[in-house]
Amino acid sequence: MALLEVSNLDVRFALRQGDVKALRDVSFTLDRGERLGIVGESGAGKSVAAFTILNLIAKPGYIADGSIRFDGRELTTMKPRQLQQIRGNKVSMIFQDPMMTLNPVLTIGEQMIECLKAHRRIRRRDAREIALNKLHQVYIPSPERRLDQYPHELSGGMRQRIIIAIALLLDPDVIVADEPTTALDVTIQAEIMELLLELCEKHNVALILITHDLGVVSQVTQRMLVMYAGRVIEQGPTREIINDAEHPYTQGLINALPQMATPGQRLNQIPGSMPSLANTPPGCAFHPRCSFSVDANGERRRDCREVIPTFVRSGNCDVACHMVRELVERHSPEHDASDNGPSEKREAL
Amino acid sequence: MIAFLIKRLFHAFLVMFIISVISFAIQDNLGDPIQQMVGQSVPDSERAELREELGLNDPFMVQYLRFAKNAMHFDFGYSYFYGEPTIEVVLRHLPATLELVFATTVLIMLFSVPIGVYSAIKPRSPLSRLFMGVSIVGISIPVFLTAIVLIQIFAIGVQFTPFPVDTGWGSWLNGLLSTDGGMPAYGRGDVVHVVGTWSTNFASLEGLSYLVLPSISLASIMLPLFIRLIRAEMLEVLQSDYVKFAKAKGISMRRIYFVHALKNTMLPVITVGGVQIGTLVAYTILTETVFQWPGVGLMFLDAIERSDIPLIVTYLMIVGLIFVITNTLVDLIYGLVNPTVKLTGKPA
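Those sequence lines, one after another, are chains A and B. Position one of the first sequence corresponds to residue 143 (our numbering), numbered consecutively onward. Position one of the second sequence corresponds to residue 17 (our numbering), numbered consecutively onward.
This is the structure in structure tokens:
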């Protein structure tokens, strides 16, 4: 049985203009020790997905439907007190901006010790010892001194290390990292990512990595989800998706990487921008931007415009696209050639 | 820290200098003191002599320098009305005002924090809405009106008889709607002498009862302000990433509200609040007048009526000084409470 099982999750935000559907029918699983990447543009619902796992979605957001099972226990209907016992203890989180994540008026030590004391009956001195040990693990220089310092006395990279140490304090089963390196200096990003990967491997912690950096996803994760306008549109083994994406949107994302551009030419891009969640197009949400949804007569395919695509199995991946479904169902031997163009270049990644 | 203090001291001097120039300019242009000092029968020649004697014919700068030199020694001259040094008159009245301000501050702190925090944690509850509604009313009604209403209800008493008085239930309901009054609302009552010019209301229950109505009406304008300030700050802090992170750590909501959020909420409240407490000293003018509370506010109003200019100037200077001192204290406290602020003499 999977460690974490999210199925048919619907998350909505009750706004004055009506409900905005932030997540629709999102399902995925995570095994013990597995590393899963969630990618997509800004506003695709990645962060909402991250916060929903711990049922941390703030009002006016709410879980409208679906289930989140962690270690056999249902989280969506769990009482707040029990949920509190799982947060930070079994499942911990790393936030995007380390400058904002630590409380400015409490010392580092205080913020680590309170977390231990919330979950274990432990003496303050022992808690301090554990905190110190974790700071060693994330390679913080002179950790004893750090415990008595305030967040503003440390750099961004250092703070993110401390947040990772906090996430590891209670030896959790899962760490949910919401763009853990986005707010950091480029030079620090790689260090932090490497540290996170190393610690997850060493302690056999499962990782859900939310990011829009495809390079990081391909280096760190074993499986990935691609999200678009609140839906999962493609999921499967990371290597397979990166090397041979099926969904036109995923192809577009990979094509947009600077490595994919011809030197001296403009970078490739997906025309248009992602629709707002309050106003997603009917049918496949991607169809207005999709070059494959136009048929030979230059008109939009009707199924793309009207029917929400369901997942179809292609290789080891699940893809939600009418075009891919046609290709798979026809068992066309040339279906690999249909995504003409970038496939040779993708090998270079 | 030392550099910070020296810098603040310099600021304080600058502010006091400006206040002194303004108060002195008022002194120079506010009515004719000679007219207040002597009777109508005194001939013009004697008036001119007195004018010369008091130095009122000297140029502005000379008069100001003389004033400033004396002010350094807290010598602001003699009150025309009391015939004694003004500083002594002010010091005699100051304890009453400071006690009133202190009682009001205690009331504000006691009620603003719990109410502000509650209405931030449960912004949609009926009780929060009630607090917010009442606070708007409190801010909008002037202090003297609140004071008069309080006097009518609690000191004089209200007899309201919409129900038949000759039935048992009728008189019971009438009793609910009526008040007996009896709360003291005039002056300070019996006070217990402590030291020097300081007599206190805090020593006996009876003394305290005299403080109740004045301090409530003085608080009526500041308390809503504090409640709304705390609520607004708390609401913002509750949206912050570090509160979300604390939730993700599995910390109890109680600890999140009262350690993580409240500590950050109080930082701006200290700055704004400290200054407002200083302002209270000035607000007492209205309250003291309505309740005939023998403090500096009432004294100031009387001094204006009597054109007792030295006393007016002394009041302005002393209240200015209180302002400067509270502001400096607030900055000092803020620096000690907020770890991200270092108290240095360097410009930020």
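Beta carbons: idealized from backbone N, C-alpha and C, even for Gly. None of the values given here were measured: they were computed from a predicted structure.
Check	Outcome
Where does residue 215/A fall in DSSP's three states?	strand
Beta-carbon within less than 7 Å of residue 287/B's beta-carbon, same chain only, minus the 5 sequence neighbours each way: which residues are those?	346, 350
Give a yes or no on whether the C-beta atoms belonging to residue 208/A and residue 152/A are separated by under 8 Å.	yes
Does the beta carbon of residue 358/B sit closer than 8 Å to a beta carbon anywhere in chain A?	no
Given that residue 273/B touches chain A, what residues does it touch there, using C-beta distances under 7 Å?	Here the premise fails: no neighbours, minimum Cβ distance about 13 Å.
Start and end of the beta strand (DSSP E) containing residue 183/A?	That residue, residue 183/A, is in no beta strand (DSSP E); it is neither H nor E in DSSP.
Quick one: what does DSSP say residue 95/B is sitting in, helix, strand or coil?	coil
What residue range is occupied by the uninterrupted alpha helix (DSSP H) comprising residue 318/B?	312-321
Check whether the stretch 170-178 of chain A and the stretch 342-353 of chain A touch, using three or more Cβ-Cβ pairs below 8 Å as the test.	yes
Quick check on residue 479/A: does DSSP put it in helix, strand or coil?	Note that residue 479/A scores 46 on pLDDT, short of 50, meaning its location in the model is unreliable and no value can be drawn from it.
Just the chain B side, please: which residues come within less than 9 Å of residue 239/A by C-beta, in chain order?	257
What separation, rounded to the nearest whole angstrom, lies between the Cα atoms of residue 461/A and residue 169/A?	13 Å
Measure from the C-beta of residue 267/B to each C-beta in chain A and report whether the shortest distance is under 8 Å.	yes
Beta strand (DSSP E) containing residue 342/B: first to last residue?	Segment 325-353 is the alpha helix (DSSP H) holding residue 342/B; no beta strand (DSSP E) there.
Roughly how many whole angstroms lie between the Cα atoms of residue 219/B and residue 212/B?	16 Å
For a cutoff of 8 Å on Cβ pairs, would you count residue 355/B as touching chain A?	yes
Rounded to a whole number of angstroms, what is the C-alpha to C-alpha distance between residue 243/A and residue 275/B?	15 Å
Pull the bridge partners of residue 449/B from the DSSP assignment, please.	Lying before the first or after the last residue shown, residue 449/B is absent from chain B, which here runs from 17 to 364.
Tell whether a beta-carbon distance below 8 Å holds between residue 390/A and residue 463/A.	yes
For residue 146/B, is the classification buried or exposed, using 16 other Cβ atoms within 10 angstroms of its Cβ as the cut-off for buried?	exposed
What residues from the stretch 18-42 of chain B come within 8 Å of chain A, judged by C-beta to C-beta, listed N to C?	none
What does a CB cutoff of less than 8 Å around residue 307/A pick up in its chain, not counting 5 residues either side in sequence?	254, 273, 276, 277, 279, 280, 282
Should residue 102/B be labelled buried (16 or more other beta-carbon atoms within 10 Å of its own) or exposed?	buried
By Cβ distance, which residues of its chain are closer than 7 Å to residue 413/A, with the 5 residues on each side in sequence left out?	431
Against chain B, which members of the stretch 253-267 of chain A pass a CB distance test of less than 7 Å?	256, 257, 260, 261
Going by the CB atoms, is the gap between residue 82/B and residue 73/B shorter than 8 Å?	no
On the DSSP bridge assignment, give the partners of residue 199/B in chain order.	In the DSSP output, where bridge partners are listed per residue, residue 199/B has none listed.
Is residue 334/A helix, strand or coil by DSSP?	helix
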